[in-house]
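Novice: Before I ask anything, let me first share the structure, which is written out below as structure tokens.
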Ligand code: 26V
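In our numbering, the protein residues as written are 1 to 816.
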């Protein structure tokens, strides 16, 4: 954050006194003997006091105004650290800095002690965190609902080049931002049976008798918007064994049984699932999904009934957004609560359900589309299975009444997949139970309409809509890149901080001012020096900040094509070795990202990156021209250090496979140029930034699709026609980078050659050519930095404030 010029001495003194008071009375430490971590806690608690005042005001205001509420249901919130976020949104950063310097405490050092809240895998989870911040900024009365995982995403250690997963323990020192709410608690049932009974009015009702009940306990974290505009709540649930049941068994002498049951119940909130198709379909995952959906719906229905007295106006006052299909069981649970518990007629309950729910799809990858075996659903959630059958039957009846008898159509839109053992299709359930179904970029939304949801789209042509993702500029520009922010503010005015979408375009004329470009470049240089220091401290590798920093950081997945980047790295290495005296552009290839624990191919790609790094960095012939770095344990905090230091952003997924991407936006906002395919939000970035300021290459989504349809996966001819690609593949295959185990990459290379599923070989030559354009541009600093400034100036639209305004206006109807 840029310095806030006006800081009152009183404010500084008050903050300082509060920190000392927290240190003494809440942490229980004397300033003389306090450890850094004690200071962190005291500062966080002092900051939290400020948030609480706003929080209560804001909550009272929502009640008074009778504002509509938005509920964002997500199994993931990838928050990262909160201290800087909270201080800077409250406008207290400079106050805190001065107060702490008077106490001889360096806030820059203290802030790095906060562990990342890594309650998410990647893009989907980080998007939820950006959305929470934007909703608070825009005054949307939002509640995030999720799970308070005891262990977030695993910590990645790289040992001998291989990824090892270690347990993540963010709660070891407690969490100063949250409030435990033992009184906010609901029972969530599992298993058992459903018994039909006739009630006193002669109506047939189904009564579910769960075999097991797990208690949910709420933990609230206040989320403060920019300039403290409003403060919303992120409510995360922890699972606890239901103590009465537990006691009964205990008293009956079944100590072991009681403890086993306790462990089973509490395992629900123990650990985040790492995104991986092999993890899918596991019972614990379904228990997590239902657990947090049921607790959240019970909670919001209770709040609604208390405030409005009836459920008949639910869609008017509540909007529930499903973040992917992970909370899709909400469709059946809301029906169950309305019909079974609150005795509404089925048709009315259905209308309220569809009117209240909406669903966002985040991926078209077939292996990531959730389905659950009917047998598992029947055992774990017998009443929900009945409800799903009923929804399906009513739907199919309705289609038949409309004269639709096409068997293929009915099969495609069914909630039950009959082909591979009977399974419930959560995507279709979410689609039918929602009034809005959205994709996360224009291209992705088009593909939803033409592929996965083609038949449902034919039946409900109004339902699918697009909401292109965005990012919060507060975290990804102001906090991550304070130096650049200061320069931008100086150039286009203080107003930029409040309205970057409208003010960033005013930067455009500065792209033609040499003095400004110079300062822009100097700021990048400082960020690169900081990253070089970090790399040296962590890896012992020396980087030249003058080199081109070429960065690909994201989850490791074949479709994201880190392999393509590695093939280019090897090709470049060979080219430099062949002609070391040529004027090569000095380049640093930076990689970071986690692979799901059981995704062997992804883990092998990490090993390859590390093998290549070892060989390249140890080869004196290429010294000063090429370095390769794999930074372990990529997370939000590391992203905040890497992104502002990147010159080149790698966004090179196989076209049609990356739903949106969001790091692409973060890099461009910080002035990196993009090398990328026309995939996800890259397409819209290109429209706004201008193709001449990006390096676009490779097959288009339609071309990829055409090749797939034609079964054109064999790349032998492509390899034969490209001597460079051939040489790269031969080197990797023959063990140049794995002399300890020469056969390590034989399978990987043969796979690429014979079955190029992700079109790595198919796109190689185009990628190589685009990289040469990158070098030409880099060698013309005027052109490079002009494009760089224009990237920053032209990506204002990708603010998550814009995205949230669209959701609030078009889906939630929750803007005042
Ligand atoms: C799938 C699974 C399967 C079972 C175990 C746990 C798990 C967790 C997550 C997922 C699906 C992940 C989908 C996802 O992250 N999509 C990403 O969403 C971003 C935000 O919209 C978008 O920018 C990325 O392109 C998209 O890949």
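Virtual Cβ for every residue (Gly too), placed ideally from N, Cα, C. Since we're looking at a predicted model, the values are computed, not measured.
Pull up the distance between the alpha-carbon of residue 800 and that of residue 740, whole angstroms please.
Specialist: Rounded to whole angstroms, residue 800 to residue 740 spans 48 Å at the Cα level.
Novice: Is the segment 318-327 touching the segment 172-181 in the sense that three or more CB pairs, one from each, lie closer than 8 Å?
Specialist: No, the segment 172-181 does not touch the segment 318-327.
Novice: Less than 8 Å between the beta carbons of residue 197 and residue 209, yes or no?
Specialist: Taking 8 Å as the Cβ cut-off, residue 197 and residue 209 do not qualify as a contacting pair.
Novice: Note down, in chain order, each residue of its chain lying with its Cβ closer than 7 Å to the Cβ of residue 611, except the 5 sequence neighbours on either side.
Specialist: These residues qualify, in order along the chain: 161, 737 and 738.
Novice: Could you tell me which residues DSSP pairs with residue 666 in its beta bridges?
Specialist: Answer by DSSP bridge pairing: none, since residue 666 is not bridged.
Novice: Quick one: residues in its chain with C-beta nearer than 8 Å to the C-beta of residue 3, no 5 flanking neighbours on either side, listed in chain order?
Specialist: Because residue 3 sits at a pLDDT of 49, beneath the cut-off of 50, its placement in the model cannot be relied upon, and the following sentence gives the value as read from the coordinates. Answer for residue 3: 94 and 486, listed in chain order.
Novice: Shortest alpha-carbon distance to residue 147 belongs to which of 599, 108, 77 and 153?
Specialist: Checked all of 599, 108, 77 and 153; the closest Cα to residue 147 is 77.
Novice: Starting from the C-beta of residue 20, find all residues in its chain whose C-beta is less than 8 Å away, skip the five residues before and the five after it, and write them out in chain order.
Specialist: Counting only Cβ-Cβ distances below 8 Å, and skipping sequence neighbours, we find 31, 42 and 103.
Novice: Determine which residues share a DSSP beta bridge with residue 269 and list them.
Specialist: Note: residue 269 sits in no beta bridge, so no partner.
Novice: Any heavy atom of ligand 1 closer than 7 Å to the beta-carbon of residue 446?
Specialist: No, ligand 1 has no heavy atom inside 7 Å of this Cβ.
Novice: Starting from residue 371, follow its DSSP beta bridges and name the residues at the other end.
Specialist: 425.
Novice: Assuming residue 565 and residue 652 are in contact, meaning their beta carbons sit under 8 Å apart, how far apart are those beta carbons, in whole angstroms?
Specialist: The Cβ separation is near 7 Å, so the contact holds.
Novice: Is any non-hydrogen atom of ligand 1 found closer than 7 Å to the C-beta of residue 802, if you look at the structure I gave you?
Specialist: Flag unset: Cβ of residue 802 not near ligand 1.
Novice: Roughly how many whole angstroms lie between the Cα atoms of residue 585 and residue 775?
Specialist: Going from the Cα of residue 585 to the Cα of residue 775 covers about 6 Å.
Novice: Please list, in chain order, all residues of the same chain as residue 547 whose beta carbon is under 6 Å from its beta carbon, the five residues on each side excluded.
Specialist: Taken in chain order, the residues that qualify are 586, 587 and 588.
Novice: With 16 as the cutoff for other CB atoms within 10 Å, does residue 305 come out buried or exposed?
Specialist: So residue 305 counts as exposed.
Novice: Tell me residue 359's beta-bridge partners as DSSP assigns them.
Specialist: Answer is 322 and 437.
Novice: Quick one: is residue 436 buried, meaning 16 or more other Cβ sit within 10 Å of its Cβ, or exposed?
Specialist: It is buried - the Cβ of residue 436 has at least 16 other Cβ atoms within 10 Å.
Novice: Take residue 63 and list the residues in its own chain whose beta-carbon comes closer than 8 Å to its own, dropping the five residues that flank it on each side.
Specialist: Correct list, in chain order: 307.
Novice: Note down, in chain order, each residue of its chain lying with its Cβ closer than 8 Å to the Cβ of residue 616, except the 5 sequence neighbours on either side.
Specialist: Result list for residue 616: 569, 573, 622, 626, 627 and 628, in chain order.
Novice: Measuring from the CB of residue 674, is there a heavy atom of ligand 1 at a distance below 7 Å?
Specialist: Result no, Cβ not under 7 Å from ligand 1.
Novice: Do residue 811 and residue 438 come within 8 Å of each other at the CB atom, strictly closer than that value?
Specialist: Their beta carbons are under 8 Å apart, which means residue 438 touches residue 811 by this criterion.
Novice: Pick helix, strand or coil for residue 513, following the three-state DSSP scheme.
Specialist: Note: residue 513 maps to coil in three-state DSSP.
Novice: Do residue 222 and residue 818 count as a contact pair if the criterion is CB distance below 8 Å?
Specialist: No answer is possible for residue 818: it lies beyond the span of the chain, which begins at 1 and ends at 816.
Novice: Report back the beta-carbon spacing between residue 116 and residue 80 to the nearest angstrom; my notes put them in contact at under 8 Å.
Specialist: Between residue 80 and residue 116 the Cβ distance is about 5 Å, and since that is below 8 Å, they are a contact.
Novice: Exposed or buried, residue 109, counting other C-beta atoms within 10 Å across all chains shown (16 or more means buried)?
Specialist: Residue 109 is exposed by the Cβ-count criterion.
Novice: Who are residue 549's beta bridge partners in DSSP?
Specialist: DSSP, once it has assigned bridges, lists 588 as partnering residue 549.
Novice: Going by beta carbon distance, what residues of the same chain come within less than 8 Å of residue 624, once the five residues before and after it are set aside?
Specialist: Correct list, in chain order: 544 and 586.
Novice: Find the nearest neighbour of residue 535 within the set 489, 430, 693 and 642, judged by alpha-carbon distance.
Specialist: Closest option to residue 535, Cα to Cα, is 642.
Novice: For my contact list, residue 609 and residue 562 are in at a C-beta cut-off of 8 Å; report their separation, rounded to the angstrom.
Specialist: Confirmed, Cβ separation roughly 7 Å.
Novice: If residue 136 sits next to residue 224, beta carbons under 8 Å apart, how far is it from one beta carbon to the other, in whole angstroms?
Specialist: Right, the Cβ-Cβ distance comes to about 6 Å (below 8 Å), so this counts as a contact.
Novice: I need the straight-line Cα distance from residue 782 to residue 750, nearest angstrom please.
Specialist: Roughly 43 Å separates the two Cα atoms.
Novice: Sort 491, 341 and 359 by Cα distance to residue 465 and report the nearest one.
Specialist: It is 359 whose Cα lies nearest to the Cα of residue 465.
Novice: Under three-state DSSP, which class holds residue 339?
Specialist: Helix, per DSSP.
Novice: Are residue 211 and residue 192 touching if we call contact CB-CB under 8 Å?
Specialist: Yes, the Cβ-Cβ distance between residue 211 and residue 192 is below 8 Å.
Novice: In the structure shown, what three-state DSSP assignment does residue 237 receive?
Specialist: Looking at residue 237 - three-state DSSP - the assignment turns out to be strand.
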